[in-house]
Structures are given as C-alpha cells and as structure tokens.
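In full-length UniProt numbering, the protein residues as written are 1 to 287. For every residue, glycine included, the Cβ atom is placed at its ideal position computed from N, Cα and C. Notes to accompany the following structure.
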C-alpha cells in the first residue's frame, strides 16, 4: 500500500511538473521580466497549495464551446482551447467561453422607403455562428449585438435600392445579397453568416386598397376583352352558318323544327311561330 501511495504521489507531481512546463511554453515571450516573475510565483503558489489548488486550475468546456485564455492580459499561444479539459494558472489566467453553435435572431420590422418612394415595413431572420473564437473575443466588444445592428442597417440599405415590385417578387435575391454583405462585414469579427431570410413585407392600408382596386380593374378589363373576343367568334360562326343555310334552303326549315322541339321540351304553354317575310308580302300585295 505504501509503495502504491508513493508511486501515485510521484506520478501526480510529474504531471504537475509537465503542466507547469506547458504553461511556461504557452506564455507570451513579450511579458517581460516582471511577467515571468509573476508567472513563476503563480506556479510556486499552486505547488505550495496542492492538492487544493488543482481544483482551481482544471477547467472543462463543452463540445460546442471554446475557451480563450488570457495570461496577464495576453491571449496564450495556441488560440482557443477545447473542447474537453484544460488547465489555467491561478491569479494570472482568466478565460472566456465562446459558444460555437449557430445562433438565430429576428430583425425587427424596419420602415423602409423603396426606390419608387413607397414606405414598407420589412422584417427578417439571420442565422450565424462564430467561426474564429479568438477574433470574436479580441476584435469586437459584443459580436452578437454588433451583428444584430449591422443586419438592421444592411436590410435598410439593400431594400432602399429596390422597387416595390422587386421586393415582393425577388425575396431570395435580396436575402442572398444581404447574406453576402453581412458575411464580408463580419469576417474580421470571426463570424460566419450562414443564411438570411425575409419573413414578411407589410404594406400600408391605403396602398393595399389601391393595389386591390388596380387588380380588380385589370381583371374586369380582361373579362371585357374575353367577352368581346367571344362575340367576334360567335358572329363569325353565325356568318358561316348563314352561308351553309343559303346553299340549302331546306336546312332553314330543319333548323326551325329543331327550335320548336327545344321550346316544347321546356313545357311552355305559349309557342310563337315565326313566318317568313315573303308570305306576308304576298298578302300585302293583294290588299
């Protein structure tokens, strides 16, 4: 038992020694003499307070997180740490966790004046993720808030160059244009904009009524044109029918009998018999 305990203690101190060496290697060489002294004192303090200090040195980050370690205000070599287990020095090191998962947020409705001077309210949704955790921490104060504000501004700028008809019909093109603009602007922040979608375009009530009246008038105009075309086709068919009947006088009598049959089928009590004008002229001459 004593040998096992002694070997465990030796193994423990060897691991801590290797950790101290790795901590010194990862330290920034620009810390200067004072910085090296502070780091050395931190390591001595950790060794002196073992094994209690080990619980302050061991940190764990999840699979979807990365840790940015600052040693005396400088980012340690190697950039982001994780996922899994990593160590920090007490008193000299601090770290920030960065979530690497895709984040979504809604763009609040924006009152936009289009190219043809129409005021519309447009909202959307943005999908983005942190691609470089070091840049997201070191280059900007709040990457999430900055991306939200930039998305609102970009939405206004892009829609301001479009007509109302283009906004209503080319939503995919507008979304791709916004995504490209946002992605280029946030590249220095370590952020990747994956997708942008236009959710809704709201028009003023007066404009909606005007567009509805315009659509109704257009439909009525098309209906009148279709009716006129029907009349033209019907007149042409009657003309052709009259030419056929003129070639065969008995055809007019057959058509007359067919018409009487149709009237009788409807159970009417009164039937009007049309008479040719030639017969009436014969009686008029006798008088």
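For residue 116, the three-state DSSP class (helix, strand or coil): The sequence position of residue 116 within the chain shown is 116, counting from 1. Three-state result, residue 116: coil.
Can you tell me where the beta strand (DSSP E) with residue 97 in it begins and where it stops? Here residue 97 corresponds to residue number 97 of the chain shown, with the count starting at 1. From DSSP, the beta strand (DSSP E) with residue 97 extends over 93–99.
On the criterion of 16 or more Cβ atoms from any shown chain inside 10 Å, does residue 52 qualify as buried, or is it exposed? In the chain shown, counting from the first residue as 1, residue 52 sits at position 52. Burial call: exposed.
Out of 257, 46, 145, 79, state which residue places its alpha-carbon closest to the alpha-carbon of residue 55. Here the question's residue 55 lines up with position 55 in the chain shown. That would be 46, whose Cα lies nearest to the Cα of residue 55.
In angstroms, rounded to a whole number, what distance separates the CA positions of residue 220 and residue 250? Indexing the chain shown from 1 puts residue 220 at position 220. Indexing the chain shown from 1 puts residue 250 at position 250. As the crow flies, the alpha-carbon of residue 220 is around 43 Å from that of residue 250.
Return the CA-CA distance between residue 190 and residue 98, expressed in angstroms with no decimal places. In the chain shown, counting from the first residue as 1, residue 190 sits at position 190. In the chain shown, counting from the first residue as 1, residue 98 sits at position 98. The straight-line gap from Cα to Cα measures roughly 11 Å.
Alpha carbon to alpha carbon, how far is residue 183 from residue 37? Translated into the one-based positions of the chain shown, residue 183 becomes position 183. Translated into the one-based positions of the chain shown, residue 37 becomes position 37. Cα to Cα, the separation comes out at about 43 Å.
Alpha carbon to alpha carbon, how far is residue 223 from residue 213? Taking the chain shown and counting its residues from 1, one reaches residue 223 at position 223. Taking the chain shown and counting its residues from 1, one reaches residue 213 at position 213. Going from the Cα of residue 223 to the Cα of residue 213 covers about 15 Å.
Can you find a C-beta in chain C that's less than 9 Å from the C-beta of residue 209? Any reference to chain C falls outside this structure, which holds one protein chain only.
Quick one: what's residue 66 bridged to in DSSP? On the chain shown, position 66 is the one that residue 66 refers to. Per DSSP, the beta bridge partners of residue 66 are 98.
Put residue 294 into one of helix, strand or coil per three-state DSSP. The first residue shown for the chain is 1 and the last is 287, placing residue 294 beyond what the model contains.
Does the pairing of the segment 84–97 with the segment 111–118 give three or more beta-carbon distances under 8 Å? Touching, no.
Beta carbon of residue 143, beta carbon of residue 151: below 9 Å? Reading the chain shown from its first residue, position 143 is the one you call residue 143. Reading the chain shown from its first residue, position 151 is the one you call residue 151. No, they are not a contact pair.
Which residues DSSP lists as bridging residue 71, in chain order: As a first step, residue 71 must be located in the chain shown, where it is residue number 71. Residue 71 pairs with 74, 93.
Using 8 Å as the Cβ pair cut-off and three pairs as the minimum, do the segment 118–129 and the segment 66–82 touch? Pairwise C-beta distances place the segment 118–129 out of contact with the segment 66–82, as fewer than three of them are shorter than 8 Å.
Can you give the Cα-Cα distance for residue 103 and residue 65, rounded to whole angstroms? Locating residue 103 in the chain shown gives position 103, counting from the first residue. Locating residue 65 in the chain shown gives position 65, counting from the first residue. When only Cα atoms are considered, residue 103 and residue 65 end up about 13 Å apart.
Beta-bridge partners of residue 61, as assigned by DSSP: Here residue 61 refers to the residue found at position 61 of the chain shown. 84, per the DSSP bridge assignment.
Where residue 79 falls: helix, strand or coil (DSSP): Numbered from its first residue, the chain shown carries residue 79 at position 79. Coil.
Boundaries of the alpha helix (DSSP H) in which residue 200 is found, first to last residue: The count along the chain shown starts at 1 and reaches residue 200 at position 200. Premise fails: residue 200 lies in the beta strand (DSSP E), 191–202, not in any alpha helix (DSSP H).
Roughly how many angstroms separate the alpha carbons of residue 117 and residue 86, rounded to a whole number? What you label residue 117 is simply residue 117 of the chain shown in a count that begins at 1. What you label residue 86 is simply residue 86 of the chain shown in a count that begins at 1. Approximately 58 Å, taken between the alpha carbons.
Let's test the definition: count the other Cβ atoms within 10 Å of the Cβ of residue 179 and tell me whether it reaches 16, buried, or not, exposed. As a working note, residue 179 is residue 179 in the chain shown. Classification of residue 179: buried, given that the 10 Å Cβ count is 16 or more.
Buried or exposed, going by whether 16 or more other CB atoms sit within 10 Å of the CB of residue 71? As a position in the chain shown, residue 71 is number 71, starting the count at 1. Residue 71 sits buried, since 16 or more C-beta atoms from the chains shown fall within 10 Å of its C-beta.
First through last residue of the alpha helix (DSSP H) which encompasses residue 169: What you label residue 169 is simply residue 169 of the chain shown in a count that begins at 1. From DSSP, the alpha helix (DSSP H) with residue 169 extends over 164–169.
Taking the beta carbon of residue 42 as the centre, do at least 16 other beta carbons fall within 10 Å, making it buried, or is it exposed? Locating residue 42 in the chain shown gives position 42, counting from the first residue. Residue 42 should be labelled buried.
Consult DSSP for residue 103 and reduce its assignment to one of helix, strand or coil. Mapped onto the chain shown, residue 103 falls at position 103. Here residue 103 sits in strand by DSSP.
DSSP-derived helix/strand/coil call for residue 121: Here residue 121 is taken as the residue at index 121 of the chain shown, counted from 1. Under the three-state reduction of DSSP, residue 121 is assigned to strand.
Who does residue 128 pair with in a DSSP beta bridge? Locating residue 128 in the chain shown gives position 128, counting from the first residue. 103, 193, per the DSSP bridge assignment.
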